[in-house]
Amino acid sequence: MADWRVIENTGQTLAELLDRHIGALGIPNVGVGVVTPAAFASLANTADPFVSLFLYQIVGNAEMRGSPRRVLADGSLGRQPLPLELCYLVTAWGVRATGDVIGDLPATRDEARLMGAILQAFYDHAELAHGSLFETPGLPVWSPEDGLQIIMETLPVDGHYRIWDAAELGYRLSLVYRVRVAALEPTDPPRAAPVAEAVLEAVP
Numbered sequence: 589m590a591d592w593r594v595i596e597n598t599g600q601t602l603a604e605l606l607d608r609h610i611g612a613l614g615i616p617n618v619g620v621g622v623v624t625p626a627a628f629a630s631l632a633n634t635a636d637p638f639v640s641l642f643l644y645q646i647v648g649n650a651e652m653r654g655s656p657r658r659v660l661a662d663g664s665l666g667r668q669p670l671p672l673e674l675c676y677l678v679t680a681w682g683v684r685a686t687g688d689v690i691g692d693l694p695a696t697r698d699e700a701r702l703m704g705a706i707l708q709a710f711y712d713h714a715e716l717a718h719g720s721l722f723e724t725p726g727l728p729v730w731s732p733e734d735g736l737q738i739i740m741e742t743l744p745v746d747g748h749y750r751i752w753d754a755a756e757l758g759y760r761l762s763l764v765y766r767v768r769v770a771a772l773e774p775t776d777p778p779r780a781a782p783v784a785e786a787v788l789e790a791v792p
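Under my numbering, the first residue of the sequence shown is numbered 589, with each subsequent residue one higher.
Here it is, written out as structure tokens:
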């Protein structure tokens with residue numbers, strides 16, 4: 589169960605995973621970061637290749653939200669952590685020196701190369717254990733049992749267009765991933781009475 593920094597640290601976990609994988613493949617000078625659509629216009633004119641992760645939706649895990657209360661260390665009953673699923677739009681941005689086909693061709697090749705690296709990275713690391721999760725030294729966020737699943741999803745094409753139309757940019761090929769389950773620990777979970785031990789006696 590993670591604390592309130594779970595969303596930030598999940599994004600950083602993905603960014604660092606991609607950064608390491610792209611570097612290991614020998615693709616030079618590629619930036620990776622979690623951004624919002626406010627950065628898209630500048631990325632369209634980037635001077636260096638970039639991979640952006642845009643967190644476009646946060647939803648609860650329907651299957652786990654109905655879990656029964658858990659027994660705490662003191663024997664009382666407390667709420668389960670809030671199970672979250674984080675949805676990311678992942679986009680590769682190549683360098684377009686000019687706005688014509690001469691500038692577009694090499695940028696398109698770079699973007700295709702980066703898309704392959706992204707797919708490989710998240711496929712190879714679809715299950716992340718606690719040791720692979722990002723934490724700032726001295727600021728623990730995750731519990732030892734925490735882990736994440738990275739699942740590729742399909743967003744309808746009109747959903748992609750809505751994102752790019754809102755950013756006032758033309759359509760760009762992107763990948764969509766759902767990351768689960770990031771369990772958010774309650775600050776001070778309401779507690780019920782300790783579980784009583786039932787004693788059965790035979791009546792003559």
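Heads up, the beta-carbon is just placed ideally off N, CA and C, and yes, glycines get one too.
Residue 678 and residue 763 look like a contact to me (Cβ under 8 Å); what is the Cβ gap, rounded to whole Å?
4 Å
In whole angstroms, give me the CA-to-CA distance for residue 781 and residue 669.
With a pLDDT of 49 at residue 781, under the threshold of 50, the modelled position of this residue cannot be trusted, and the question is left open.
Using the beta-carbon count (16 or more within 10 Å), is residue 771 buried or exposed?
buried
In the structure shown, what three-state DSSP assignment does residue 697 receive?
helix
So residue 706 packs on residue 680, CB below 8 Å; how close in whole Å?
7 Å
Do residue 769 and residue 671 come within 8 Å of each other at the CB atom, strictly closer than that value?
yes
Between residue 749 and the rest of its own chain, which residues show a CB-CB distance below 7 Å, the 5 nearest in sequence each way excluded?
759
Helix, strand or coil: how does DSSP classify residue 781 here?
Bear in mind that a pLDDT of 49 at residue 781, under 50, signals an unreliable position, so the number given afterwards is only what the model happens to contain. If DSSP states are grouped into helix, strand and coil, residue 781 belongs with coil.
Leaving out five residues before and five after residue 696 in sequence, what residues of the same chain have Cβ atoms less than 8 Å from its Cβ?
682
What does residue 768 pair with, by DSSP beta-bridge criteria?
737
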